[in-house]
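Asker: Starting off with a structure, shown below.
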Amino acid sequence: MKLLDLNRFPLTESSLVEASAGTGKTFSIALLYLRALAGIGRSPLPVESLLVVTFTVAATEELKGRIHQQLLDALAWFDQPPSPPGDSPLDQVCAGVALEQRAVTRARIAAGLRNLDQAAVMTIHSWAIQALKQHPLSGLAPVNSELVASHWSLQQRLIVDYWRHHFYGAPAHWAAQLVPLFAVPADLAAALRLPLQHPQMAILDDQPGMALEALFDRLAEQSSALDEKLERTRRRLALECDDFMDAVEAAAGNANHGRLTMLAPKKLAATLLDWRAWITGGGAPPESLLGLLSRGWIGKKNTPEFEHWALPPLIEWHHACASFESGALPMARAQLLGHARRWVLERTDQALRQNPSTSFDQVLRQLSQMIAEPDSTLPGALAAQYPLALIDEFQDTDPTQWGMFKRIYHQRPGAALVLIGDPKQAIYSFRGADIHAYLDAKRLMGEQVYRMGVNYRSDPGLVDACNAVFEQPAGAFTVASADEVGVTYDPVAANRSESGLSGVGGMASMQWLVGSESGITKHVQEITLMSAQSVASMLGSRMMIGTPPRPIKPADVAVLVRKGSQANRMRKALAAVGVTSVYLSDRESLFAQPEALDILAWLKVAADPTDARVLKSALLSASIGLSWQELDALVFDITAWEGLREQVLVWSELAGDGDIQKMLGQVLSHFGVRERLLAVDRGARALANWMHLMEWAQASRQQLDSVGALIVEFERMMLDPGDTDIQRMESDQDVVRIVTVHKSKGLEYPVVVVPYLCVADVVGASDPAIVVRVDQQAVISVAGSTAQPELWQQADEARLQEDVRLLYVALTRARHLAVIGAVGLNKGMQKTALGAVLGVSDGASLDERLGQLSAFADVKVCYGPIDLPPGPQGGAVCTPASALQARFRLPKRRWIASFSSLGRRADADDQSHYSSVWDDEARGDTSDYDPCAPGIAGFARGPEAGTFLHDVLERAHGMGFARAVNERQWLGLMAEQRGFGDQLERLDGWLTQMLSAQFTGFGAAPLSLMAEPPAQSELEFLMAAGSLAIDTLDVFCQRHILPGLARPALSRGELNGYLKGYIDFVVEWEGRYWVLDWKSNYLGPDSQHYHRDAINQSILEHRYDVQYALYLVALHRHLSLRLADYHPGYHLGGAAYVFLRGLQGPEQGLHWCRGDLDWVGQLSELLS
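So for the sequence shown, UniProt numbering puts the first residue at 1; every next one is plus one.
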């Protein structure tokens, strides 16, 4: 390969540039763009004709920014007076322009800057879409439908339809053959995902013309033959079962019990019992017998062979079964998957014709088909439109993409294709990238292959160390099935001579942490702890990084992992040593995170602030972090609960006004969520999720009509979390980053820690499908590792090759220091990237190889964690930043009040008497209570008993009072469930009396509940209450209700917000509306104690006068809105409080508030 010279690189012929990590690839592309635009080394091209393609939106934006800056710098260069050129690449390029051409060149650059918004710098998919729209051909429609990432969610549903369509109602013998292939639709979906992602790849052993009937009939025939063969042997053996059992028992002592454990003395009896049961009864052979048949008889040394006529045919049957499972079944699996793939793809096309949408892969395939047509004019048109194409990150290409560019530009006069990439960083095979496509391009370019040989990222010691690791005679980057054109490692030189690491006594740029545990499980535990301790030591030391030097910060450290489980393990270890970290992964949608559920709960609170159940659900969310004790204390502390309800009302108003972000921010602040999260494991990530979801909710709320609509949209995003292009927000906290190696590509960090290089995810039997190469073509194998071990071995070799490339990506992310975990595993070392790169297989060879590295490179080997002297901060590690700790103050005393809160908000001195008599049945004199008293008088006391009587009446009303009396089984069941089963007799009598009572005083005719008058149980109200002193309300009630009688004072407070409550029963009788409230208060051992004075005294002691005053105001406001001709003097009947234990008393247990009710309107105005 030739060394790239940016000043002389040919822009008129196709070529390939290999850009190793840190060699300034993006800068070089921008400089080549400048040359092409300005006409330096080729005829000038306008921005519309100069194509730059990359593979991600983020990379596209970065390229646009670099190109813009490069053009600005060039314009500034040409604006300066002529002078001797400097050493920078830009100086060299611009200085090559002749003096008489500089004005023209400057004008071209200025024009390019003006038109840069029209530049053809785009992703591969954007380019394909544009090509389809600008060059439509007959029979292939342009992209005019919704563009989606993939159709996998649709295809999952179609897979279930396939299962239902083909297997529901199928012949019975199909099920027996289907289960070994795919037991449930989910198994089929898992196996189909890879084939559906690559519909252009053939499935090995698939036979497109075979019908399912033939497939299952063939399997059934083969399976039946095996079953019959076994059954013949079993029936014959059953005739001499005892002799066979005796023979096995006699020979068991000579068996090798290490290999045939089922014949060991402790297991022999159970084994013989299982065998006898099968021989005499049939069915499936026991596992112990199958184990013997798979191994054959294995005897101890110098012991006679066990001989019995049944053993050879049974072993022969077992081998036939093994052949069936490794031959016929895998072939049937491939054929069934092929059939299912064709069916699903056909139905996908049908569904998309009805609801058009196009996936990214479909766009590329459609354009590829158009370009590949023999008589297509599209390749020539695209080459004419873009005479020069620069393809960035070309190592991430696939055969489809490379095939398009090859057909457009190969041997096309006047057009040039420049491919820029690094095959050592080809790590996206799971997305369809194919290293062989890159190698094919490299082979096609012949001598026109260049390399970039200077590293501008890393310190010289680290560059030398990486060269030493990867520069091997055998080659670290082998690729199976490649010819002489492969992936090579060429050493790079450092751009600078000084190290950016200081303050710790010449610390080596590459640190190897070598553990002592050679078993993989214990090694992972050990290296995790060693890595965490090393990070804590560095953060607490005098280490300085950068130029000029500055103290190391937590955000300077990146821990690179392969998967989420490793990240979680690492985060816990870092937290244990006092280091806060955040896991930055872009593989999971924000809406799949637990914080999404928490925010949804609070949005529902904002939509309905009066629903206590919704609020309690939100309080249970993990982010709030309340313990059960704290939640219980909050709910049952009326003052605290009502205070929270005040704030919820304010939050609801914020949300209703569209300020969702402020509302959720106040929730975080009120409960101290920020501080709590930043002090716990995963807290920084959780807080970042909150912030990003808050931003999304705020932006979405501006486009929607209400909070309810926002909730619907939020739930839709949660149901389909992949249906979003939101990028995960990286935390701006000063914390250690934990990043996947895949996401770290293209990034750099001052310090990189790579703990898990000895962990390998080997391709095995659990993989339902793999991509392999057969005859230089990529195909899919679904047969399994047993049926096709050579293909599974090939797939694992490809996995190892990519793991080596991942190792290269990981180590080259570091600017100043790389910390690497290692150990000599007792087995499987050669299957790890580290073992492959260093050429080691055990601990001894690892020590030797690391010793060689440390002898001539800037490498240090540590047999334990890095241990540096603490710095002046005394070894302190990172503490969470406080920038997010917002504060706010709620409007003063805005709250939702209830009747109960009017008393419990009083000061302690005012409550001494009041609190003792406030609740029904909760307190009071019990000296005359007699549980043996007849009727309801002897019924249990207490809040539970009172609530039960209320619930009985509510249930009776729901059933219909007449039916409730006639069908009383429900009462017994309800009493048993609530613990009052022993009092059913008195309850039954009371209910009959209550429902059949004729209550006088409601009108001309007595009120009878059995008459089923129009009524509503538990009528809820929430009504506005302006600023009103509670003692003013108290004075008003004392003046208008039972005036002159003493009663406890209400609290000293202020209403300002709302009043809420539930009215037990509102009934219409003779055109008038009444408030009925059930009271279970105990006033004495018989009904005679429920006289008027006693009832009035109880009303005033509990301040029920205030309660029914508020209830009447609520009913008054309700009727004024519902009745067009409402007049309180006619329609508002009043309130009747029914003391349930005094129905037979002189007052029928009734306390009345009726007559002149003009004061109700006055109180309503006062509350307004």
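Beta carbons: idealized from backbone N, C-alpha and C, even for Gly.
(1) Beta-carbon within less than 7 Å of G1161's beta-carbon, same chain only, minus the 5 sequence neighbours each way: which residues are those?
(2) Using beta-carbon positions only, say whether Q702 and H670 come within less than 8 Å of one another.
(3) In this structure, how does DSSP classify D611 when only helix, strand and coil are distinguished?
(4) For A964 versus A956, is the C-beta distance shorter than 8 Å?
(5) Should T23 go down as buried or exposed, given a rule of 16 or more other Cβ atoms within 10 Å for buried?
(6) Please state whether DSSP places Q1148 in a helix, a strand or coil.
(7) I'd like to confirm something about V57: is its beta-carbon nearer than 7 Å to some heavy atom of the ligand MN, or not?
(8) For residue 1182, which residues does DSSP report across the bridge?
(9) How would you label A945, buried or exposed, when you count the other beta carbons within 10 angstroms and need 16 or more for buried?
(10) What residue from F324, H198, A640 has the CA that sits closest to Q222's CA?
(11) Can you pull the DSSP bridge partners for K1079?
(12) Just reading off the beta strand (DSSP E) that N1056 is part of, what are its end residues?
(13) Would you say the region 241-261 touches the region 354-367, given that touching needs at least three Cβ pairs under 8 Å?
(14) Should V248 go down as buried or exposed, given a rule of 16 or more other Cβ atoms within 10 Å for buried?
(15) Could you have a look at D919 and say whether DSSP puts it in helix, strand or coil?
(16) Nearest-angstrom Cα distance between K860 and Q511?
(17) Count the other CB atoms within 10 Å of the CB of D867; is the residue buried (16 or more) or exposed (fewer)?
(18) Going by beta carbon distance, what residues of the same chain come within less than 6 Å of P870, once the five residues before and after it are set aside?
(19) Name the two residues that bound the continuous beta strand (DSSP E) containing C932.
(20) In the region 665-725, which residue ranges form an unbroken alpha helix (DSSP H) of at least 4 residues, counting only runs that do not cross its ends?
(21) Going by beta-carbon coordinates alone, are H318 and L290 separated by less than 8 Å?
(22) Go ahead and pull the three-state DSSP assignment for L178.
(23) Going by CA-CA distance only, name the one from Y438, K2, M210 that's closest to R342.
(24) In whole angstroms, give me the CA-to-CA distance for D920 and Y1137.
(25) Who are the near neighbours of A433 in its chain, counting only those whose CB is closer than 7 Å to its CB and skipping five residues on each side?
(26) Do G515 and M538 have their CB atoms nearer than 8 Å?
(27) According to DSSP, simplified to helix, strand and coil, what is L1007?
(28) May I ask you to list the residues that DSSP assigns as paired with P870?
(29) Would you identify the three-state DSSP class for R431, choosing helix, strand or coil?
(30) Which residues does DSSP list as the beta-bridge partners of Q777?
(31) Do I820 and L513 come within 8 Å of each other at the CB atom, strictly closer than that value?
(32) Buried or exposed, going by whether 16 or more other CB atoms sit within 10 Å of the CB of E48?
(33) Thinking C-alpha only, which one of Q661, V667, S627, D659 is nearest R645?
(34) Would you mind giving the Cβ-Cβ distance between F899 and Q566, rounded to the nearest angstrom? I have them listed as a contact below 8 Å.
(35) Taking the alpha carbon of Q200 as the point to measure from, which residue in E228, G658, Q369 has its own alpha carbon closest?
(36) Please report how far the alpha carbon of A765 lies from the alpha carbon of T348, in whole angstroms.
Answerer: Per the coordinate set shown:
(1) On the sequence shown, position 1161 is the one that residue 1161 refers to. Result list for G1161: H1116, P1128, in chain order.
(2) Numbered from 1 along the sequence shown, position 702 holds the residue referred to as residue 702. Numbered from 1 along the sequence shown, position 670 holds the residue referred to as residue 670. No; because the gap between Cβ atoms is not below 8 Å, this pair is not in contact.
(3) By 1-based counting over the sequence shown, the position of residue 611 is 611. In the structure shown, D611 sits in coil (DSSP, three-state: anything other than H, G, I, E or B).
(4) Your numbering for residue 964 matches position 964 in the sequence shown. Your numbering for residue 956 matches position 956 in the sequence shown. Contact: yes.
(5) Taking the first residue of the sequence shown as position 1, residue 23 is located at position 23. Its Cβ being crowded by 16 or more others within 10 Å, T23 is buried.
(6) As a working mapping, residue 1148 is identified with position 1148 in the sequence shown. When DSSP states are grouped into helix, strand and coil, Q1148 belongs to the coil group.
(7) Judged by which ligands are present, the structure shown has none, so any question about the ligand MN falls away.
(8) The requested residue 1182 does not occur in the structure, where the chain is confined to residues 1 to 1168.
(9) Working through the sequence shown from its first residue, we reach residue 945 at position 945. A945 should be labelled buried.
(10) By 1-based counting over the sequence shown, the position of residue 222 is 222. Nearest C-alpha to Q222: F324.
(11) As a first step, residue 1079 must be located in the sequence shown, where it is residue number 1079. Paired residue(s): F1139.
(12) Stepping through the sequence shown from its first residue, residue 1056 is reached at position 1056. That run of the beta strand (DSSP E) goes 1054-1069.
(13) Too few Cβ pairs lie closer than 8 Å, so no.
(14) In the sequence shown, residue 248 corresponds to position 248, counting from 1. The Cβ neighbour count for V248, taken over all protein chains shown within 10 Å, is at least 16; the residue is labelled buried.
(15) As a working note, residue 919 is residue 919 in the sequence shown. Because D919 carries a pLDDT of 43, less than 50, the predicted location of this residue cannot be relied on, and the following value inherits that uncertainty. If DSSP states are grouped into helix, strand and coil, D919 belongs with coil.
(16) Here residue 860 refers to the residue found at position 860 when the sequence shown is read from its first residue. Here residue 511 refers to the residue found at position 511 when the sequence shown is read from its first residue. Rounded to whole angstroms, K860 to Q511 spans 5 Å at the Cα level.
(17) Within the sequence shown, residue 867 is the residue found at index 867, counting from 1. Exposed.
(18) Against the sequence shown, residue 870 aligns to sequence position 870. In chain order, G540 place their CB closer than 6 Å to the CB of P870, counting only its own chain and leaving out the 5 sequence neighbours on each side.
(19) Counting from one through the sequence shown, the residue named residue 932 turns up at place 932. Premise fails: C932 is in no beta strand (DSSP E) and is neither H nor E.
(20) Listed in chain order, the complete alpha helix (DSSP H) runs (minimum 4 residues) inside the region 665-725 are 673-677, 683-701, 707-719.
(21) Counted from its first residue, the sequence shown places residue 318 at position 318. Counted from its first residue, the sequence shown places residue 290 at position 290. Note that the C-beta distance between H318 and L290 is below 8 Å.
(22) Within the sequence shown, the letter at position 178 stands for residue 178. In the structure shown, L178 falls within a helical segment according to DSSP collapsed to helix, strand and coil.
(23) Within the sequence shown, numbered from 1, the residue matching residue 342 stands at position 342. The residue with the shortest Cα to Cα distance from R342 is M210.
(24) Translated into positions along the sequence shown, residue 920 becomes position 920. Translated into positions along the sequence shown, residue 1137 becomes position 1137. Bear in mind that the predicted position of D920 carries a pLDDT of just 46, short of 50, making it too unreliable to give a figure here.
(25) Sequence index remark: in the sequence shown, residue 433 carries index 433 (1-based). Closer than 7 Å at Cβ, skipping near neighbours: D396, T397, D398, A426.
(26) Counting from one through the sequence shown, the residue named residue 515 turns up at place 515. Counting from one through the sequence shown, the residue named residue 538 turns up at place 538. Not closer than 8 Å, so no.
(27) Indexing the sequence shown from 1 puts residue 1007 at position 1007. L1007 carries a strand assignment under DSSP once its states are collapsed to helix, strand and coil.
(28) On the sequence shown, position 870 is the one that residue 870 refers to. Paired residue(s): S541.
(29) Here residue 431 refers to the residue found at position 431 when the sequence shown is read from its first residue. Secondary structure at R431: helix, using DSSP grouped into helix, strand and coil.
(30) Residue numbering aside, residue 777 sits at position 777 when the sequence shown is read from its first letter. DSSP, once it has assigned bridges, lists V774 as partnering Q777.
(31) Here residue 513 is taken as the residue at index 513 of the sequence shown, counted from 1. Here residue 820 is taken as the residue at index 820 of the sequence shown, counted from 1. Taking 8 Å as the Cβ cut-off, L513 and I820 qualify as a contacting pair.
(32) For the purposes of this step, residue 48 is identified with residue 48 of the sequence shown, where counting begins at 1. Exposure of E48 is indicated by the presence of fewer than 16 other C-beta atoms within 10 angstroms of its C-beta.
(33) For the purposes of this step, residue 645 is taken as residue 645 along the sequence shown, with counting starting at 1. Of Q661, V667, S627, D659, the residue nearest in Cα terms is V667.
(34) On the sequence shown, position 899 is the one that residue 899 refers to. On the sequence shown, position 566 is the one that residue 566 refers to. With a Cβ gap of about 57 Å, F899 and Q566 do not count as contacting.
(35) Counting from 1 along the sequence shown, the entry for residue 200 is found at position 200. Taking only the C-alpha atoms, the option nearest Q200 is Q369.
(36) To locate residue 765, count along the sequence shown from 1; it is residue 765. To locate residue 348, count along the sequence shown from 1; it is residue 348. Each residue's CA atom was taken as its position, placing A765 and T348 some 30 Å apart.
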